[in-house]
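A.B. asks: This is the structure, below, for whatever I ask next.
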Amino acid sequence: MLLIKATDIKKSYGEKEILNFKEFSIYRGDKIGLVGLNGAGKTTLLQILARELMPEEGKIEKNCEISYFKQFDNDKVEADRRLLKEMRVAELKPIEQEKVSGGEQTRIRLADAFSKNRHILFVDEPTSNLDIKGIELLKKKLSKIDTMVIISHDCDLINSLCTRIVEVREQQLFFYNGNYWDYNRQRKADFTREMVEYENYNKEKKRLEKMYLSKIEMAKEVGKRPKNLSPEECRLRNFLSSRPFDVKQKNIQSSAKAVLSRIEHLEVKEKPKEVPNIRPDFRLTNPPENKVVIEGENLDFSYGDKVIFDKAQFVIANRQRVAIIGDNGVGKTTLLNLIQQEYDGIRKVPKATLGYFHQGFENLDFHKTVLENVMEDSIQTESVARTILARLLLTSGDMEKKVSVLSGGERIKLAFAKLFVSNANILMVDEPTNYLDMPSVEALQQMFSQYEGTLVFVSHDRIFINEIATDLLIVKNGKIHGFHGNYKAYEESLKKEKSKDNKDILIVAAEMKRTVILAEFSNPRADKEALEEEYENVMNELKLLRGNFIE
Numbered sequence: 027m028l029l030i031k032a033t034d035i036k037k038s039y040g041e042k043e044i045l046n047f048k049e050f051s052i053y054r055g056d057k058i059g060l061v062g063l064n065g066a067g068k069t070t071l072l073q074i075l076a077r078e079l080m081p082e083e084g085k086i087e088k089n090c091e092i093s094y095f096k097q098f099d100n101d102k103v104e105a106d107r108r109l110l111k112e113m114r115v116a117e118l119k120p121i122e123q124e125k126v127s128g129g130e131q132t133r134i135r136l137a138d139a140f141s142k143n144r145h146i147l148f149v150d151e152p153t154s155n156l157d158i159k160g161i162e163l164l165k166k167k168l169s170k171i172d173t174m175v176i177i178s179h180d181c182d183l184i185n186s187l188c189t190r191i192v193e194v195r196e197q198q199l200f201f202y203n204g205n206y207w208d209y210n211r212q213r214k215a216d217f218t219r220e221m222v223e224y225e226n227y228n229k230e231k232k233r234l235e236k237m238y239l240s241k242i243e244m245a246k247e248v249g250k251r252p253k254n255l256s257p258e259e260c261r262l263r264n265f266l267s268s269r270p271f272d273v274k275q276k277n278i279q280s281s282a283k284a285v286l287s288r289i290e291h292l293e294v295k296e297k298p299k300e301v302p303n304i305r306p307d308f309r310l311t312n313p314p315e316n317k318v319v320i321e322g323e324n325l326d327f328s329y330g331d332k333v334i335f336d337k338a339q340f341v342i343a344n345r346q347r348v349a350i351i352g353d354n355g356v357g358k359t360t361l362l363n364l365i366q367q368e369y370d371g372i373r374k375v376p377k378a379t380l381g382y383f384h385q386g387f388e389n390l391d392f393h394k395t396v397l398e399n400v401m402e403d404s405i406q407t408e409s410v411a412r413t414i415l416a417r418l419l420l421t422s423g424d425m426e427k428k429v430s431v432l433s434g435g436e437r438i439k440l441a442f443a444k445l446f447v448s449n450a451n452i453l454m455v456d457e458p459t460n461y462l463d464m465p466s467v468e469a470l471q472q473m474f475s476q477y478e479g480t481l482v483f484v485s486h487d488r489i490f491i492n493e494i495a496t497d498l499l500i501v502k503n504g505k506i507h508g509f510h511g512n513y514k515a516y517e518e519s520l521k522k523e524k525s526k527d528n529k530d531i532l533i534v535a536a537e538m539k540r541t542v543i544l545a546e547f548s549n550p551r552a553d554k555e556a557l558e559e560e561y562e563n564v565m566n567e568l569k570l571l572r573g574n575f576i577e
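In this note's numbering, the protein residues as written are 27 to 577.
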């Protein structure tokens, strides 16, 4: 059943065209992931499909009711009690309060969207401010939705839920079947194919150009008068000859024109854009050589009566990439702030220079251009700075733009570029993937993976953590626990620990059963044969549990 159909849509903001596509249809049962660069028009497209924004041209057919979770929405909500409970919102009171945590506000708004029970769900960046548990809960809820369109920087969420991917690129829509990994494979295959086509086109063009120049040169040579003949003799020879020089020249010139025509009619193939791979010269940051660059001991911190850290301790080694993880409200961002402030109990080595990522863009001058901003405190060359911007998908055309006209995602990328070219040798980053499109997340992921200094970051994006982190700091119950490895390794260690605990419980239960059976043997009315069989079964169970033989 067709729910929504958009045809011949055109939408612009001022002189900038955002969308210009022929058709987009959504059917019942579709689970669509909407992807594309920041500023490509994903949110604009959702607003048009929901008829909350009108295009300059085009038609929207809507045969359904839409529930819409918006990226930024301060409207009051009244969610169903049951759904609030399912979304693990502790109390209903926060709905009536102005001050609630970002994660809790997101859960309340999601519960409101789920409670509307419409034909189709639009979801725009639902994971922002959610912790890992919240994202897992969201994934379970969304898996039960019949029809939806999702915008998210969390590729794991898109990958696990979506069966169609629609990419917004250069004002148009491109359609792919499958999940995000399928889309990614197809895009990489497209890039390889486009590169081969470009190389073949370039090779053929050069061959024809060489042939053309050769024929032009040949025509000139044929047209020259032989040195041993006068002009009159040359004209007479041409008159009497079956193949005059000027006819030969015209034939060669005609052949050259045919080659030129072939060049002009070649199907032009543009070279696919490749990301440059120049790194900053990290030696310019005067990096510390100590094994440990930051450590905390007996760290105490509270907000009023609420204890955040109670005699907590931690160690951050040089060149580690450390992810700080934990539930919403446990103090992850607080820990970053305390490290930056060198709060009581926290020490950093003398040569450690901290660079802090500001979500509020306090380090950007909105009246200056992108290039002026990035070069303001740069210790790297302009060439390196431009390359870093390009690696973060800010184009040469963006260099002279004022920061005030950039999208939120573009400002985030500029803020990161400033960090990468600064004198900082320890980067402190809070939720780096928030509001970035997936190509930008992948670009940032690559930059962080290659970063030569120490990185400390807070994130709820498990794929991002797994790809980047070498170590974890787990914040829980006022303490900070260190773990060597990424989030996947941490989850596996928890499973092993749980498995070991279960095993110990089973061993104790089997031992108790063994004791009871031995005691029964002294009962003269007991069925000795049955007891012996039962005893043998218990002993075999213990052997399997302990992994050895019992005497």
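Where a beta carbon is used, it is the ideal one built from N, C-alpha and C, also for glycine. Everything numeric in this text was worked out from a predicted model, so none of it was measured.
Only counting runs of 4 or more residues, tell me where the alpha helix (DSSP H) segments fall wholly within the stretch 401 to 474, in order along the chain.
C.D. replies: Whole alpha helix (DSSP H) segments, 4+ residues: 408 to 417, 434 to 446.
A.B. asks: Whose C-beta lies closer than 7 Å to the C-beta of lysine 1 among residues of the same chain, with five residues either side of it excluded?
C.D. replies: There is no way to answer for residue 1, as the model of the chain reaches only from 27 to 577.
A.B. asks: For arginine 30, count the other beta carbons within 10 Å of its own beta carbon; 16 or more makes it buried, fewer makes it exposed. Which is it?
C.D. replies: Along the sequence shown, read from residue 1 onward, the residue named residue 30 stands at position 4. Correcting the residue identity first, residue 30 is isoleucine in this sequence and not arginine. Counting Cβ neighbours within 10 Å, isoleucine 30 comes out buried, since at least 16 surround it.
A.B. asks: With threonine 480 and glutamine 346 assumed to form a contact (beta carbons below 8 Å), what rounded beta-carbon distance in angstroms separates them?
C.D. replies: Against the sequence shown, residue 480 aligns to sequence position 454. Against the sequence shown, residue 346 aligns to sequence position 320. Contact holds; Cβ gap of about 6 Å.
A.B. asks: Using 8 Å as the threshold, is the stretch 278 to 286 in touch with the stretch 215 to 224, meaning 3 or more CB pairs across them?
C.D. replies: No, they do not touch.
A.B. asks: Identify whether leucine 380 lies in helix, strand or coil by the three-state DSSP scheme.
C.D. replies: Residue mapping note: residue 380 aligns to position 354 of the sequence shown, counting from 1. Here leucine 380 sits in strand by DSSP.
A.B. asks: May I have the straight-line CA-CA distance separating isoleucine 438 from threonine 70, to the nearest angstrom?
C.D. replies: Here the question's residue 438 lines up with position 412 in the sequence shown. Here the question's residue 70 lines up with position 44 in the sequence shown. Each residue's alpha carbon lies about 20 Å from the other.
A.B. asks: Taking only the alpha-carbon atoms, compute the straight-line gap between glutamine 73 and lysine 427 and give it to the nearest angstrom.
C.D. replies: Counting from one through the sequence shown, the residue named residue 73 turns up at place 47. Counting from one through the sequence shown, the residue named residue 427 turns up at place 401. Cα-Cα distance, rounded: 26 Å.
A.B. asks: Classify alanine 441 as buried or exposed, calling it buried when 16 or more other Cβ atoms lie within 10 Å of its own Cβ.
C.D. replies: The count along the sequence shown starts at 1 and reaches residue 441 at position 415. Result: buried.
A.B. asks: Should methionine 464 be labelled buried (16 or more other beta-carbon atoms within 10 Å of its own) or exposed?
C.D. replies: By 1-based counting over the sequence shown, the position of residue 464 is 438. Counting Cβ neighbours within 10 Å, methionine 464 comes out buried, since at least 16 surround it.
A.B. asks: What do you get for proline 314, buried or exposed, if any count of 16 or more other CB atoms within 10 angstroms of its CB means buried?
C.D. replies: Along the sequence shown, one-based indexing puts residue 314 at 288. Buried, by the Cβ-count rule.
A.B. asks: Between which residues of its own chain and leucine 571 is the CB-CB distance below 7 Å, once the five residues before and five after are set aside?
C.D. replies: The count along the sequence shown starts at 1 and reaches residue 571 at position 545. Cβ neighbours of leucine 571 beyond the five flanking positions: Lys529, Leu532, Ile533, Ala536.
A.B. asks: Suppose you measure from the CA of phenylalanine 201 to the CA of tyrosine 513; what does that come to, to the nearest Å?
C.D. replies: Taking the sequence shown and counting its residues from 1, the one referred to as residue 201 is at position 175. Taking the sequence shown and counting its residues from 1, the one referred to as residue 513 is at position 487. Taking the straight line from one Cα to the other gives about 33 Å.
A.B. asks: Is it buried or exposed, glutamate 457, if we count other Cβ atoms within 10 angstroms and call 16 or more buried?
C.D. replies: The residue labelled residue 457 in the question sits at position 431 within the sequence shown. Buried.
A.B. asks: Can you name, in chain order, every residue of its own chain whose Cβ lies under 6 Å from the Cβ of asparagine 46, other than the five neighbours on each side?
C.D. replies: Residue numbering aside, residue 46 sits at position 20 when the sequence shown is read from its first letter. These residues qualify, in order along the chain: Lys36, Gln197.
A.B. asks: Is the distance from the Cβ of arginine 133 to the Cβ of arginine 114 below 8 Å?
C.D. replies: Looking up residue 133 in the sequence shown gives position 107. Looking up residue 114 in the sequence shown gives position 88. In this structure, arginine 114 lies closer than 8 Å to arginine 133 by Cβ.
A.B. asks: If we ignore side chains and look at the alpha-carbon of each, how far apart do asparagine 185 and asparagine 205 end up?
C.D. replies: Locating residue 185 in the sequence shown gives position 159, where the first residue counts as 1. Locating residue 205 in the sequence shown gives position 179, where the first residue counts as 1. Distance between the alpha carbons of asparagine 185 and asparagine 205 is about 5 Å.
A.B. asks: Do valine 467 and phenylalanine 446 have their C-beta atoms closer together than 8 Å?
C.D. replies: Numbered from its first residue, the sequence shown carries residue 467 at position 441. Numbered from its first residue, the sequence shown carries residue 446 at position 420. Not in contact: valine 467 and phenylalanine 446 (Cβ atoms no closer than 8 Å).
A.B. asks: If distances are taken between C-alpha atoms only, which option among Val429, Leu361, Lys85 comes closest to lysine 394?
C.D. replies: Within the sequence shown, residue 394 is the residue found at index 368, counting from 1. The shortest Cα separation from lysine 394 among Val429, Leu361, Lys85 belongs to Val429.
A.B. asks: Quick one: what does DSSP say methionine 615 is sitting in, helix, strand or coil?
C.D. replies: Residue 615 lies beyond the range of the chain shown here (27 to 577); nothing can be said about it.
A.B. asks: For a quick check, are the C-beta atoms of isoleucine 278 and methionine 244 less than 8 Å apart?
C.D. replies: For this step, residue 278 is matched to residue 252 along the sequence shown. For this step, residue 244 is matched to residue 218 along the sequence shown. Contact flag set, yes.
A.B. asks: Taking glutamate 560 as the reference, give the member of Glu112, Arg417, Thr541 with the closest Cα.
C.D. replies: Your numbering for residue 560 matches position 534 in the sequence shown. The residue with the shortest Cα to Cα distance from glutamate 560 is Thr541.
A.B. asks: With H, G and I counted as helix, E and B as strand and the rest as coil, what does DSSP make of proline 314?
C.D. replies: Taking the sequence shown and counting its residues from 1, one reaches residue 314 at position 288. Coil, per DSSP.
A.B. asks: Is the beta carbon of threonine 379 less than 8 Å from the beta carbon of valine 484?
C.D. replies: Position 353 of the sequence shown, counting from 1, holds the residue named residue 379. Position 458 of the sequence shown, counting from 1, holds the residue named residue 484. Going by C-beta atoms, threonine 379 is not nearer than 8 Å to valine 484.
A.B. asks: Measure the alpha-carbon distance for lysine 539 versus tyrosine 516 and round it to whole angstroms.
C.D. replies: The count along the sequence shown starts at 1 and reaches residue 539 at position 513. The count along the sequence shown starts at 1 and reaches residue 516 at position 490. Roughly 35 Å separates the two Cα atoms.
A.B. asks: Can you list, in chain order, the residues of its chain whose CB lies under 7 Å from that of valine 564, leaving out five sequence neighbours each side?
C.D. replies: Within the sequence shown, numbered from 1, the residue matching residue 564 stands at position 538. The answer, listed in chain order, is Ala536, Lys539, Arg540, Ile543.
A.B. asks: Where do the ends of the beta strand (DSSP E) carrying threonine 480 lie?
C.D. replies: Mapped onto the sequence shown, residue 480 falls at position 454. Segment 480 to 484, the beta strand (DSSP E) holding threonine 480.
A.B. asks: For glutamate 128, I'd like the list of residues in its chain whose CB is within less than 7 Å of its CB, leaving aside the five on either flank, ordered along the chain.
C.D. replies: Translated into the one-based positions of the sequence shown, residue 128 becomes position 102. It is worth fixing the name first, because residue 128 is glycine in this sequence and not glutamate. Closer than 7 Å at the Cβ level, and outside the excluded window around glycine 128, lie Asn155.
A.B. asks: Suppose only complete runs of 3+ residues qualify. What are the beta strand (DSSP E) ranges in the stretch 45 to 69, listed by chain order?
C.D. replies: Here the runs fully enclosed are 57 to 61.
A.B. asks: Expressed to the nearest angstrom, what Euclidean distance is found between the alpha-carbon atoms of glutamate 87 and arginine 417?
C.D. replies: Along the sequence shown, read from residue 1 onward, the residue named residue 87 stands at position 61. Along the sequence shown, read from residue 1 onward, the residue named residue 417 stands at position 391. Going by the C-alpha atoms only, they are around 40 Å apart.
A.B. asks: Could you tell me the distance, in whole angstroms, from the CA atom of phenylalanine 509 to the CA atom of valine 341?
C.D. replies: Here residue 509 refers to the residue found at position 483 when the sequence shown is read from its first residue. Here residue 341 refers to the residue found at position 315 when the sequence shown is read from its first residue. The straight-line gap from Cα to Cα measures roughly 10 Å.
A.B. asks: By Cβ distance, which residues of its chain are closer than 7 Å to glutamate 493, with the 5 residues on each side in sequence left out?
C.D. replies: Stepping through the sequence shown from its first residue, residue 493 is reached at position 467. Correct list, in chain order: Gln471, Ser475.
A.B. asks: So, alanine 552 versus glutamate 546, is the Cβ gap smaller than 8 Å?
C.D. replies: As a first step, residue 552 is located in the sequence shown; it is residue number 526 there, counting from the start. As a first step, residue 546 is located in the sequence shown; it is residue number 520 there, counting from the start. Yes, these two residues count as a Cβ contact at 8 Å.
A.B. asks: If you draw a straight line from the C-alpha of proline 550 to the C-alpha of asparagine 566, how long is it?
C.D. replies: Residue numbering aside, residue 550 sits at position 524 when the sequence shown is read from its first letter. Residue numbering aside, residue 566 sits at position 540 when the sequence shown is read from its first letter. One C-alpha to the other measures close to 26 Å.
A.B. asks: Compute the Euclidean distance between the alpha carbons of isoleucine 334 and glutamate 321, then round it to the nearest angstrom.
C.D. replies: In the sequence shown, the residue the question calls residue 334 occupies position 308. In the sequence shown, the residue the question calls residue 321 occupies position 295. Spanning the two alpha carbons is a distance of roughly 17 Å.
A.B. asks: Return the chain-ordered list of same chain residues with a C-beta closer than 7 Å to the C-beta of leucine 292, the five sequence neighbours on each side being excluded.
C.D. replies: Walking along the sequence shown from the start, residue 292 turns up at place 266. For leucine 292, where only same-chain residues beyond five positions count, the Cβ hits under 7 Å are Tyr227, Glu230, Lys231.
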